[in-house]
Amino acid sequence: MEADAVAPCRLVDHGGGRYSLCFDDYAMPTVPLFEQLGLQGGGYTWEEVVRSLVKLRQPDLAAQLSYDSESGMFVALGPRAALLAVARLIQAAIADPLLLRTAVERADPDALE
Numbered sequence: 005m006e007a008d009a010v011a012p013c014r015l016v017d018h019g020g021g022r023y024s025l026c027f028d029d030y031a032m033p034t035v036p037l038f039e040q041l042g043l044q045g046g047g048y049t050w051e052e053v054v055r056s057l058v059k060l061r062q063p064d065l066a067a068q069l070s071y072d073s074e075s076g077m078f079v080a081l082g083p084r085a086a087l088l089a090v091a092r093l094i095q096a097a098i099a100d101p102l103l104l105r106t107a108v109e110r111a112d113p114d115a116l117e
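Residue numbering for the sequence shown follows the working numbering, beginning at 5 and increasing consecutively.
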């Protein structure tokens with residue numbers, strides 16, 4: 005089932021080949037590392053972590069993605085295949101604390117909240 009493939013995110017089909025990948029406060033994963041580092045862990049935090057994960061693991065995706073996050077919601081926009089890859093990166097970071105820490109350490113500190 006596709007919902008499981010993108011969890012904790014959801015993939016939204018806006019029609020015309022436009023897709024978004026998002027999760028909000030209700031589905032946002034709780035990450036102890038964010039708390040340890042004094043980060044809010046909201047949409048802007050996740051956006052910067054995802055940007056960092058993309059640079060680390062799949063830099064070819066960067067040009068295909070844009071973001072429209074808010075404090076309580078992470079949103080990435082792009083082609084369906086690219087967003088499915090982003091969902092896998094998020095899942096990997098949640099499952100692997102070392103990967104998540106590396107992504108946070110390499111993220112733009114001014115963009116993390």
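We put the beta carbon where it would ideally sit given N, CA and C, even for glycine.
Note that the coordinates shown come from a computational prediction; the quantities given were computed from them, not determined experimentally.
Classify residue i: buried if its beta carbon has 16 or more other beta carbons within 10 angstroms, exposed otherwise.
i	result
Thr34	exposed
Val16	exposed
Leu93	buried
Gly45	buried
Gly20	exposed
I believe residue i touches residue j by the beta-carbon criterion, under 8 Å. Please report the beta-carbon distance rounded to the nearest angstrom.
i	j	result
Ala111	Ala97	In fact, because the Cβ distance is near 11 Å, the residues do not count as touching under 8 Å.
Leu37	Pro113	About 15 Å; that fails the 8 Å criterion.
Ala80	Tyr71	6 Å
Gln95	Pro83	In fact, because the Cβ distance is near 19 Å, the residues do not count as touching under 8 Å.
Leu116	Leu43	6 Å
Taking only three categories from DSSP, how would you classify residue i?
i	result
Leu41	coil
Ser24	strand
Asp8	helix
Val35	coil
Ser73	coil
Leu60	helix
Gly47	helix
Leu88	helix
For the beta strand (DSSP E) that contains residue i, what are its first and last residues?
i	result
Ser80	Per the sequence shown, the amino acid found at residue 80 is Ala instead of Ser. Looking at the DSSP string, the run of the beta strand (DSSP E) that includes Ala80 is Met77 to Gly82.
Leu102	Looking at the DSSP string, Leu102 is not in any beta strand (DSSP E); the run it does join, the alpha helix (DSSP H), is Pro101 to Arg110.
Gly19	Arg14 to Gly19
Quiz prompt | contact_flag[the region 36–52, the region 12–25] where n(CB pairs < 8 Å) is 3 or more | solution = With the cut-off at 8 Å, the region 36–52 and the region 12–25 do not touch.
Quiz item: Should the region 54–67 be called in touch with the region 84–92, which here means at least 3 C-beta pairs below 8 Å?
Solution: They touch, by the three-pair rule.
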